[in-house]
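Peer 1: Going by the working numbering, the sequence shown opens with residue 3, and the numbers climb by one from there.
No residue lacks a Cβ here, since even glycine has one placed at the ideal position from N, Cα and C.
As the structure is a computational prediction, the values presented were derived from the model and not from experiment.
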Amino acid sequence: MKMSELLEPEAVVEDLKAANKKEVLEELCEKLVSLHPTLDRDRLVGVLLDRERLGSTGVGEGVAIPHGKISEVGGLIACFGRSAGGVEFEAVDDRPVSLFFLLFAPEDSAGPHLKALAKISRLLKRPSVREDLLRAGSKQEIYAILTQEDGEDLQVSAD
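1) Here's the rule: buried if 16 or more other CB atoms are within 10 angstroms of the residue's CB, otherwise exposed. What is Pro1?
2) Does the beta-carbon distance from Gly60 to Val94 come in below 8 Å?
3) Counting C-beta neighbours from all protein chains within 10 Å, is the total for Arg84 16 or more, i.e. buried, or is it exposed?
4) Could you give the uninterrupted runs of the alpha helix (DSSP H) lying entirely in the region 30-109, keeping only those of 4 residues or more?
5) I'd like to check one pair, Leu51 with Phe106: are the Cβ atoms closer than 8 Å?
6) Applying the 10 Å Cβ sphere with the 16-neighbour rule, what's the burial state of Gln157?
7) Taking 8 Å as the cut-off, decide whether the C-beta atoms of Leu8 and Ala146 are in contact.
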């Protein structure tokens, strides 16, 4: 799977308004529900909050990858958000998070889900990518940065 198949251009929030972890999750889930109206925002938020109780998905360097599994989706769905000021997210490095990549997978899709998380993590670990995402002037530019390497690094196979 290519990043462009996982993340729709409309699923990018270039300026999150949220001031805390729960609000970030609510705002990103609201965006997903606007694109997938059969989903229930409160259910999505609940799944993410349950996952956060196991340990923060704030991976450090200003990045968080909140994720969960729900039966209501037929495949991987994602949303990306950027917060100009950063949000306290209990990240592993105790620094505020500015870049959020939200991922949901069907309950029975361990392989593709884990591979997508690994690919997203590898992409966002690159300092140049993080810097470009923070400097991007529009959601179209953010989307272009996230999908620029579709041909090589972001392949997720279903094996």
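Peer 2: Reading from the atomic positions:
1) Because residue 1 is not part of the residues shown, which for the chain are 3 to 161, the question remains open.
2) yes
3) buried
4) 43-56
5) no
6) Summary for Gln157: the model assigns pLDDT 40, below 50, so the residue's position carries little reliability; its value from the coordinates is reported in the next sentence. Exposed is the call here.
7) no
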